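Reviewing the structure listed below.
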C-alpha cells in the first residue's frame, strides 16, 4: 500500500520533469517527437528501476524479519546474524545487476541517443530515489518518535502490542530503512556511472576510440563487482562458521567488519588484474595507464572500507564516544546526552572529511602522471584531476552489493525484534512443548531476546557506516558532473575556466546560496517529522488502552495514515523548492549556479556526516542501556530515549536524503543550464528565474 501511494506521487512529480525535458528537446533542440519520447521513456525506466528494486527490497526484508526472529529461538547466534545479511546481499546483487542491464541496453540499442537517454535515465532514477528516500525517512521517524515517546509516558516495554504506534514503527522501518536505501543505492550506482560517461563524452569528443575503450573498461569493472562481492561473501561465511559456529555469544559486528575488509581486498586485486588485461596492451594507450587507473579506483575502494571503521569509532556500541554518551546520561540526564552526541557527530565529520581528503589527494597526485594525462585532450588537461575524482567515486562503489547488504542488515534486525515482541510468544500456553514437538527446539526466550537486541545494535552501527559511503559518492560524483557543465559551457562560449575564480562575485554568491539551501533542507525535513510526530503522539495518547492486550486494528491503521499523510506533505514541499531552485538559478547566471552546485555538495557532505553519526551515537547509547545495562524503564533509559528521538530525524531523515537531493539537483541542473544558455534575451531569462525562484 505504501509503495502504491508513492508510485502515484512519483507520477505527478515526473510530469514537472517531463515538461522541462520536452521544452528543451523539442522547443530548443528541435528533436523529432519520436526521439524525445524515447528519452522520456528512459526517464520512466529510471523511476521504475528505483521503484522496482525498492519493492524487491521491502519484500525480501519482510520475509527475513520473521525468519530472523524464529532463528533466535534456536539459540544459534551465527544463523541469526546471517539471515539478514543474506537477504541484504540478495538486494545488493539484484540492484547492481538491474542497473548494469538497463545501462547496457541503452548503450547497445540506443547508440544514437545514448547521451540524452543516459541523462534521462539518471534524472528518473534520481527522482525516484529522492521521493522514496525523503518520504520514507519522514514516515519512519514520525512513527518511531511517536512509538518511543509512549514508552516513556506510559512506562511501556519495547514494541508493546498495546501501543498503537508499534505497527506504524515496523512499517516505517521498511519504508524508511529498506525502501529508501535500496532506491538510493540503485540511483547512486547509476548516477555515478552516468557522471563518468557524460564527462568522457564531453572531454573526449575528439577521440571517440579512446572514449569507447574507457567506457567499456568502466562497464567491465562494474560487472566484476558482482563477482567479487559474491566471492567475498562466501569466503566470509566460511571463515565465520569456522570461528563463531560453536559459540553461543560473540561480537555481532565482527563478521560484518570482516566482510567489508575481505571485499575491499578482493576488489582491489581484481581491479588491477582486469585493468591489466583490458588496457595494458591496448593500442593508442600509454603502457602505464592501467596501473594508474587501478590505483585511483583503489583509493575509492579503500575509502569504502576505511570510512566504516572511522564511523564505528563514533557510533558502535563498543566505542568510547557512545559509552561517553551513556555515562553523561547517568549524571546529566537528557541534556548531557544530547550535548555528548553533538560532540560525537562533529568530531566524526572532521575525521571522515580528513580521510576523504587524503584519498582524493592521492588520486589527484596520480592524475598528474603522464600516462593519465595522455588520455586527456590538451584543451581539457585542467579537468584530469576531476576525472580522477569521478573514478574515486566509482571505486567507492567497488563493493556495492556488500555496502547495500550491511545497510539492509539494520532494518531486518530491528523488525525481527519487533516481530518477536508482537508475537507474544512467551505468553502463549504450551508454546515450549509445541516448538519442541514441531521443530525440535528447546527455546531460551531471554537468550533469544538478547541475541535479537545485539543484532539490532550491530544493525544500528552498520546502517550508520553505509551512510557516509553513499553521501561521499554523491559529492565526488556531483563534482564530476559539475565539471561536465563547465566543459559544456567551455565548448559553447570559451574562456569559462578562467572566469571560474573564487574572487568572481557570482561564484561567491552561489557558494553562499548553496550553503543556505542545505540548512533550509535540513530544517524543512526535520519540521516535517516534528509536525507529523506531534499529530501521532496526540492520537496515540488519546487512544492508548492500557487494560487491553493489544491495540485495535483501527487505531494502528490510523497512526499509519497519519505518518503517510504528513510524510507526503513534507516531501511535496521539499521537492517543489529543490526543483524550483535547480530550474531558476541557471537563468540568473551560469557561474552563480556552478557555485551553488559546489556548495550544496560540500556543505551537504559535512552536514550529512555530522547528523548521521550524532544520531547513530544517540541510538546506540540507548541500546547499551537496554542490552548491556538492562535498565529499561528507568530514568537513565528515559534520558537515552529522548536523545534517540532527537537523533532519529538526524540520522534517518535529513542526513540520508542529502545524497539523492544533491545528485538530482546536479543532474537536473545540467538540463536547466542547457535550457538557460540557449536563450539569448537576458531580461526574459531573469524573468523566468524570478518566477521559479
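Numbering (my numbering), first residue to last: 12 to 704.
We put the beta carbon where it would ideally sit given N, CA and C, even for glycine.
Being a predicted model, the structure only gives us computed values, none of them experimental.
Is the beta carbon of residue i less than 8 Å from the beta carbon of residue j?
i: residue 133; j: residue 57; result: yes
i: residue 142; j: residue 105; result: no
i: residue 233; j: residue 121; result: no
i: residue 659; j: residue 633; result: no
i: residue 69; j: residue 190; result: yes
i: residue 83; j: residue 602; result: no
i: residue 98; j: residue 75; result: yes
i: residue 551; j: residue 161; result: yes
i: residue 574; j: residue 150; result: yes
i: residue 10; j: residue 631; result: The question about residue 10 has no answer, for the chain in this structure spans 12 to 704.
i: residue 701; j: residue 469; result: no
i: residue 533; j: residue 665; result: yes
i: residue 635; j: residue 323; result: no
i: residue 593; j: residue 683; result: yes
i: residue 608; j: residue 680; result: yes
i: residue 185; j: residue 426; result: yes
i: residue 460; j: residue 647; result: no
i: residue 153; j: residue 547; result: yes
i: residue 624; j: residue 527; result: no
i: residue 285; j: residue 246; result: no
Please name the residue, chosen from the options, that lies closest to residue i on a Cα-to-Cα basis.
i: residue 481; options: 35, 198, 520; result: 198
i: residue 417; options: 618, 192, 173, 431; result: 192
i: residue 408; options: 637, 672, 274, 549; result: 274
i: residue 114; options: 227, 152, 33, 175; result: 227
i: residue 466; options: 17, 90, 59, 52; result: 90
i: residue 92; options: 670, 353, 264; result: 264
i: residue 486; options: 563, 16, 426, 611; result: 611
i: residue 500; options: 177, 363, 687, 176; result: 687
i: residue 694; options: 623, 643, 599, 196; result: 599
i: residue 488; options: 125, 42, 396, 553; result: 396
i: residue 280; options: 252, 46, 250, 239; result: 239
i: residue 201; options: 458, 33, 24, 492; result: 492
i: residue 378; options: 394, 390, 365, 164; result: 394
i: residue 165; options: 520, 591, 116, 557; result: 557
i: residue 495; options: 88, 213, 107, 46; result: 213
In its own chain, which residues sit with a C-beta less than 8 Å from the C-beta of residue i, not counting the 5 before and 5 after it?
i: residue 225; result: 211, 215, 386
i: residue 639; result: 328
i: residue 582; result: 20, 142, 145, 146, 149, 539
i: residue 109; result: 60, 63, 64, 197
i: residue 560; result: 172, 173, 435
For residue i, name the three-state secondary structure that DSSP assigns.
i: residue 7; result: Since the first residue of the chain shown is 12 and the last is 704, residue 7 is not available in this structure.
i: residue 452; result: coil
i: residue 254; result: helix
i: residue 639; result: coil
i: residue 41; result: coil
i: residue 695; result: helix
i: residue 671; result: helix
i: residue 327; result: coil
i: residue 634; result: helix
i: residue 379; result: coil
i: residue 291; result: coil
i: residue 373; result: helix
i: residue 298; result: coil
i: residue 572; result: helix
i: residue 17; result: helix
i: residue 168; result: coil
i: residue 385; result: coil
i: residue 496; result: helix
i: residue 215; result: coil
i: residue 180; result: helix
i: residue 435; result: coil
i: residue 582; result: helix
i: residue 548; result: helix
i: residue 338; result: helix
Once you ignore the five residues that flank residue i on each side, which residues in its own chain have a CB closer than 6 Å to its CB?
i: residue 374; result: 307, 310, 399, 403
i: residue 689; result: 39
i: residue 62; result: 139
i: residue 259; result: none
i: residue 54; result: 131, 134, 135
i: residue 452; result: 84, 85, 446
Less than 7 Å between C-beta atoms, sequence neighbours within five positions excluded: which residues of the same chain meet that for residue i?
i: residue 382; result: 297, 299, 300, 303
i: residue 242; result: 277
i: residue 657; result: 349, 629
i: residue 367; result: 314, 483
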